[in-house]
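Chemist: Dropping a structure here in structure tokens format, bear with me for questions.
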Amino acid sequence: MLLTRLNPVAKRIATPALGSVRSLINKATIVGRVGQDAEMNTPIPERTVVHFSVATSESRKDPEGNIIKTTHWHRIVSWDQKRNPYLAERVKKGDLVYVEGPVHYRAYTAKDGTEKQLTEISLKSFQALSPKEQQ
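Numbering (our numbering), first residue to last: 96 to 230.
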């Protein structure tokens, strides 16, 4: 079991007491900076959705020793009707946040008729770590 040697969580899941693994894990955990203020929409009557993006970055050295910084953008979506008003009011560009939830992929047709692919993290857990002004 190579997986259990590399990942202690996998070892707990794959124990003989559980038998076969009955569910798989689809969860992203992101700590990063909000890219734009959260935006709330009402696509269905009496149902709100909040969207915002979070940036994460990583640095590495290339073979010549130069530091290369890469930024990744993550689209976050929340359908939580109780939490959405808070998110829409409080999540602002530059805030440091913790988000967690399953990753979803979907396709849609853009206004110009082209097919687009979209990856989203459906917000299940959220924590504001610090507003931009405190940095």
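Backbone N, C-alpha and C define an ideal beta-carbon position, used for all residues, glycine too.
Please report the straight-line C-alpha distance between residue 161 and residue 154, rounded to a whole angstrom.
Modeler: Rounded to whole angstroms, residue 161 to residue 154 spans 10 Å at the Cα level.
Chemist: In or out: residue 179 buried (at least 16 other Cβ within 10 Å) or exposed?
Modeler: By the 10 Å Cβ count, residue 179 comes out buried.
Chemist: Determine the direct distance from the alpha carbon of residue 157 to that of residue 218, and round the result to whole angstroms.
Modeler: If you take the alpha carbons of residue 218 and residue 157, they lie about 35 Å apart.
Chemist: Per DSSP, what kind of secondary structure is residue 150 in: helix, strand or coil?
Modeler: The answer is strand: DSSP assigns residue 150 an E or B state.
Chemist: Please report the distance separating the alpha-carbon of residue 142 from that of residue 174.
Modeler: Near 8 Å, if we compare the C-alpha coordinates of residue 174 and residue 142.
Chemist: Are residue 165 and residue 152 close, meaning C-beta to C-beta below 8 Å?
Modeler: The answer is yes: Cβ separation under 8 Å.
Chemist: Is it true that the CB of residue 200 sits closer than 8 Å to the CB of residue 214?
Modeler: Going by C-beta atoms, residue 214 is nearer than 8 Å to residue 200.
Chemist: Between residue 189 and residue 177, what straight-line distance do the alpha-carbon atoms span, to the nearest angstrom?
Modeler: Those two C-alpha atoms are separated by around 24 Å.
Chemist: Where does residue 223 sit, in a helix, a strand or coil, going by DSSP?
Modeler: Strand.
Chemist: Between which two residues does the alpha helix (DSSP H) carrying residue 179 extend?
Modeler: It spans 179-185 - the alpha helix (DSSP H) in which residue 179 sits, taken as one unbroken run.
Chemist: Less than 8 Å between the beta carbons of residue 195 and residue 124, yes or no?
Modeler: The answer is yes: Cβ separation under 8 Å.
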